[in-house]
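Chains as they are written, first to last, in this note's numbering: chain A, 426 to 774; chain B, 426 to 774; chain C, 426 to 774; chain D, 426 to 774.
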């Protein structure tokens, strides 16, 4: 009954095998290893983007901060949701890597920005000449931090607004594949065909030890990105171990299979939650995590039974029994349906 | 005959086993995994420093830049050798992480700063009130980038100078263990007992996939370091894979054994080089890398025979046959004495 | 009928005389000029703060950004109003000078944060360990960007909240004196006695050419501030011209007199506005600027008659005649009551 | 007998008159004042550069740091002399404004870089791919910090080297006009015709209160510069007072006349020094400052007689009487030939 995070589960055995296999003899470092050439091609093929620049880093925050810095100037403001990981969970890494850019928070519905709320936020900035921050890129989390997923049409609407102001669009794809399999579209359809300029293509939350790809559909910024990565201390000397993970990830659809397993487990979990009286599922989750409201007493029961997850909105240990508190449950590829059933059973007791 | 770098060889099988073993079930992330508690204690024991702050990162540049940033202010200058990795090979990462500090280059003998050259460099700074940079920490690479090793007495002399100006001393220990086994002293003797305040304790060049420990003997800066690491995007969600590597490294003396193997191989290589006419060994190498001068023709012969290493001071492919060029040879734990013998044989033909 | 800004009017003749008088012979530079010693003492006397650190800069943005950087760490977030000059009108200068800190926007009434809204905003941050930004200083604009003034009790309530979280409080006093004379209290009462730790004490908007004092009631940070000022390129070699302005400002109550003139003119203007049908005065202005709503047609009439001021919420030139648009009117020390009367007369025609 | 610095003397009376004249009524702020349009045109005319971007700031460090930041990337290194003001006297302002670029020190003769030393320094950088800093702009101080002046041919040789590597050239012209009148060439000849891309055109050391112009011969970076200036807090609201100074400076050749007076005074001083036994004039000074060696006893005599200047290389108060110490003497436009004669007389006694 472990639902704390999709970065708390194990890496997939095939990824570990690939890591072992990569550990043979000498290999060139710093991204010049032979497997990286294959990885780059695999990603270009998957994204139907033969010219895309593709670079690997080891953390999602590095992927986001470096990619946004590449798309921004320090005197700009980046448009994102108030729940965005880049705003809430990166300890000012975007501000650090951009050299002091600002984040402008855009209103959301179901944790998703909309074309009108984005338009309104952009219109409010850069009305004061050089005095205010200048408009910078739009960052869209797909799937969102609340488990919802932008449709391709919704993405297109957002990037259309961005383009109308000459702004770039970035996708924080820490849970890219969870969104992709939820939508059932192609990687190209969910990105550059929908107007996205650059993607943080996550692997860590979906069965890798720690690898993310930064993908730029305009390769002109590739060298700049490489220099930013190096001076950010994110270029690995023994890069082969990053390449190997990503190679295994993209082989035989492992990335898609793991995301499907995570999403399916979450759907099972949601279905269970919906059958529990006193529980209210929040937002309209479609990927691998779900927020729900339940009375404190119910949280206490579940936690006492050994369930592990975050209670976000208050202390589950002290307060009125009937106060509604929000919990977050996350499923990764290794999530166990049996554990989900036991969790739901505890809630129903 | 692969002597390009000690970051080009494989990780030790025991490290890989530990990684596999760590890949079981769920684990808390972000450094809160159980093995990290053990790793912290192991390092404290090894360094005889029960209160030391210990944190892991995945690259040597991250270890150096984050540690120096923690010891510095942006208006200061860091004293280091002109060959220092932080000056030559980190693409301004120290300048980035410190928020714009400067590096002041100190004269060296055998790639080592001396107490008088350090004293002279420090005296030249901060003579202009707020106009010039203020004096900041001293960074000492042990073993040096040229393969030499500071004696404990030499380290003490440097840190004594630093302390006389109220400055902190940092050790860039990317090849810490190679130096340690060369000196045959304890980790405590080579660090805090010699006046060192903080260490980048390297593992990546000595048989790990990519882990370095940042050690502060004054734990007061621990929380500051953690925040710097997080906003630098160097905090791993699946931290267990860093912990596992370091745990295996420090178990049963693996770290010492690997460094000894690398040093022994290099000593074998140096002995061989000294028997080659036309070859001149540079500096006084004591650890796992050696610089040497040889005529272009000799480099060409070795490279043609399949040897791989950097020729630093000119193009080995074109120019006069008898022009002396400098080569760098590095041995890691997995270096093969047979390959060394073959390499020497090619040089002697 | 010039109401564009209080930084568009002339400097006071006495300030110009002081500047001329200062232009004699040689003087030490960089703040070591003799008049600066007097200025420092005058400010300490006025603020009843014998130990305060006092430094001069030439722009309000420099005063704010440098002072906040001195009170902050790069991984923190600064609490301020959404209308704060530091958020809206400094092109990310606070983010730049702090090295990448964030600003958290606090809800306001009449452009003033309240103890409960500040408390709520602070409580929402730093709930995620090292993942989110850490709580940083609170910045309070006095008088506010909308012309309202915090009472001493309101200031105390805010700083009490800040202190309860261990946070420092900064006052952006670009219009410090306008607020002071509105409240009729002492500078000490409006600052350190009310819990303020540091003040941007403005002169530029109140009759100087361009000088602000940065005042820290805890002088321990004085040297740090000086280094930040120097590396920010805000230390003037010919500092005497800053000292001379501030000296004249504080002599014979000129600063208070000019602020009173500006406030009185604005009160006269507000009284006039309140007599115009179709005009709605916004907020509860008490200092030297006033926002008001009026139909587009009325704005057009005023502008056509030669009035100069900003229309903030839409294009005064095109749109429905009866659409209400917000105008901003600012009075400086030199504001002309006759011009005000003519302006009101145009609105009433 | 005041020779401390050319930033310690008074502003020229005509500059003060212009300041008084500018203090009439209302004026648009932030560089939109009418006189700035004239100033921009005057500078374009003087430099024969009809498209140049021209912006004013108030300190020389701001001019240098902002201009270099506009020409650089944070992962680059700026080439300059070891005596460069940007290296020695700006407390890391270039590192701050560039976001962490490095400075590479180029060998000099008479405080001047030469084409070969510059070429050698550039060749040594960027030989390590993304690992080392990338090559950035060259910064040339004209006149140098030691009073020497690059000939136009020397400038051309330097910028030719820079261009051969695709690098931009910046001129730190804190004493631009002193060099210009020493050479007797045109401003165009000393800058863009000699391959210079951007100039810090100083006024502060040459009779203004505090104004420097930043001139870019390629105006494409103008908007970027403006945003950097604003977020650096160097945009003046009451900009008219900067414009007025620069306007007076450029009117009727005042700038040239003041520089000539300073240079002439210095030539008089040098001639005097050369007649003093035991005094050795250093470098080959051609502008308005001179370094000289003299025994401690002689410095003591001069200082005791009331002369004011910096002794750079040791404590004039204590040590052997016959130890040679270096002094620096600077003349500004207001330098008094009588005082110079008295100073020389004291040395000769």
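The C-beta atom is built at its ideal place from N, Cα and C for all residues, glycine as well. In this text the structure is predicted, and so the values were computed from the model without any measurement.
| message | How far does the alpha helix (DSSP H) with residue 465/A in it extend, from its first residue to its last? | response | Counting along the chain, the alpha helix (DSSP H) containing residue 465/A begins and ends at 459–471.
| For the alpha helix (DSSP H) that contains residue 689/A, what are its first and last residues? | Unbroken alpha helix (DSSP H) run through residue 689/A: 679–699.
| Which residue spans inside the segment 465–526 of chain A form an unbroken alpha helix (DSSP H) run of at least 4? | Complete alpha helix (DSSP H) runs here, min 4: 485–496, 510–513 and 518–523.
| Does the beta carbon of residue 461/D sit closer than 8 angstroms to a beta carbon anywhere in chain C? | No, because no Cβ of chain C sits closer than 8 angstroms to the Cβ of residue 461/D.
| task | Within 10 angstroms of the Cβ of residue 449/A, are there 16 or more other Cβ atoms? Answer buried if so, exposed if not. | result | By the neighbour-count rule (16 or more Cβ atoms within 10 Å), residue 449/A is not buried but exposed.
| What residues in its chain sit with their C-beta under 8 angstroms from that of residue 543/C, if we drop five residues either side in the sequence? | Only 504, 531, 563, 583, 586 and 587 meet the Cβ criterion.
| task | Can you tell me the Cβ-Cβ gap for residue 527/C and residue 507/C, rounded? I've got them flagged as a contact below 8 angstroms. | result | The beta carbons of residue 527/C and residue 507/C sit about 14 angstroms from each other, so the pair does not count as a contact at 8 angstroms.
| field | Interface positions of the segment 547–563 of chain C facing chain A (Cβ-Cβ less than 7 angstroms), listed along the chain | value | Across the segment 547–563 of chain C, CB contacts with chain A closer than 7 angstroms involve 553, 555, 556, 557 and 558, in sequence order along the chain.
| Got a sec: is the Cβ-Cβ distance from residue 655/A to anything in chain D below 8 angstroms? | Yes, its Cβ sits closer than 8 angstroms to a Cβ of chain D.
| query | Near residue 580/D, what residues of its chain come up, given a Cβ to Cβ distance below 6 angstroms and the 5 sequence neighbours on each side ignored? | reply | 619.
| task | Only counting runs of 3 or more residues, tell me where the beta strand (DSSP E) segments fall wholly within the segment 578–666 of chain C, in order along the chain. | result | Fully enclosed beta strand (DSSP E) runs of 3 or longer: 594–598, 623–627 and 637–641.
| task | Please state whether DSSP places residue 534/A in a helix, a strand or coil. | result | Residue 534/A: strand per DSSP, three-state reduction.
| task | Closer than 9 angstroms by beta-carbon distance: list the chain A residues that pair up with residue 505/B, in chain order. | result | Chain A residues near residue 505/B: none, gap ~17 angstroms exceeds 9 angstroms.
| said: Quick check on DSSP: helix, strand or coil for residue 718/C? | reply: Note: residue 718/C maps to strand in three-state DSSP.
| said: Just to confirm before moving on: does the CB-CB distance between residue 640/A and residue 650/A stay below 8 angstroms? | reply: Going by C-beta atoms, residue 640/A is not nearer than 8 angstroms to residue 650/A.
| said: Taking only three categories from DSSP, how would you classify residue 455/C? | reply: Residue 455/C: coil per DSSP, three-state reduction.
| request: Could you tell me whether the Cβ atoms of residue 761/D and residue 630/D are closer together than 8 angstroms? | output: The answer is no: Cβ separation not under 8 angstroms.
| Short check: CB of residue 606/B to CB of residue 685/B, under 8 angstroms? | Cβ distance < 8 angstroms, so residue 606/B and residue 685/B count as in contact.
| query | Taking Cβ positions, are residue 765/C and residue 693/C nearer each other than 8 angstroms? | reply | Result yes, Cβ atoms of residue 765/C and residue 693/C sit closer than 8 angstroms.
| Quick one: is residue 675/D buried, meaning 16 or more other Cβ sit within 10 Å of its Cβ, or exposed? | Buried, since its Cβ has 16 or more Cβ neighbours within 10 Å.
| said: Counting only Cβ-Cβ distances shorter than 7 angstroms, please list the residues of the segment 736–747 of chain A near chain C, keeping chain order. | reply: Residues: none.
| task | Kindly indicate which three-state DSSP category residue 774/D falls into: helix, strand or coil? | result | Three-state result, residue 774/D: coil.
| query | If we call anything under 8 angstroms between Cβ atoms a contact, is residue 721/A one with residue 737/A? | reply | No, the pair does not count as a contact, with Cβ atoms beyond the cut-off.
| request: Determine, using beta-carbon pairs with one atom in the segment 665–682 of chain C and one in the segment 470–481 of chain C, whether at least three such pairs fall under 8 angstroms. | output: Counting Cβ pairs under 8 angstroms, three or more are found: they touch.
| request: Run the CB neighbour count on residue 734/A, radius 10 Å, all protein chains shown included, and call it buried at 16 or more, exposed below. | output: Classification of residue 734/A: buried, given that the 10 Å Cβ count is 16 or more.
| request: Return the bridge partner residues of residue 735/B from the DSSP annotation. | output: The partner list for residue 735/B (beta bridge, DSSP) reads 753/B.
| Out of curiosity, what's the CA-to-CA distance linking residue 768/A and residue 634/A? | Going from the Cα of residue 768/A to the Cα of residue 634/A covers about 27 angstroms.
| Quick one: is residue 575/A buried, meaning 16 or more other Cβ sit within 10 Å of its Cβ, or exposed? | Around the C-beta of residue 575/A, 16 or more other C-beta atoms lie within 10 Å, and the residue is accordingly described as buried.
| query | Name the chain A residues whose beta carbon is nearer than 7 angstroms to that of residue 435/B? | reply | For residue 435/B, the C-beta contacts it makes with chain A under 7 angstroms involve 448, 449 and 450, in order along the chain.
| request: Could you give the DSSP three-state label for residue 668/C: helix, strand or coil? | output: DSSP, read as helix, strand or coil, puts residue 668/C in helix.
| Test item: CB-CB of residue 716/B and residue 451/A under 8 angstroms | No.
| Counterpart residues of residue 728/A in DSSP-defined beta bridges | Answer is none; residue 728/A lacks a bridge partner.
| request: Go through its chain and collect everything with a Cβ distance to residue 537/B's Cβ below 8 angstroms, but skip five positions before and after it. | output: Cβ contact annotation for residue 537/B (same chain, cutoff 8 angstroms, sequence separation greater than five): 506, 569, 573, 575 and 579, in chain order.
| request: Check each residue of the segment 484–503 of chain D: if its Cβ is closer than 7 angstroms to any Cβ of chain B, include it; give the result in chain order. | output: The segment 484–503 of chain D vs chain B, Cβ under 7 angstroms: 499 and 500.
| said: I'd like to check one pair, residue 515/B with residue 489/B: are the Cβ atoms closer than 8 angstroms? | reply: In this structure, residue 515/B lies closer than 8 angstroms to residue 489/B by Cβ.
| query | Does residue 625/B come within less than 8 angstroms of chain A when only Cβ atoms are used? | reply | It does not; no Cβ of chain A falls within 8 angstroms.
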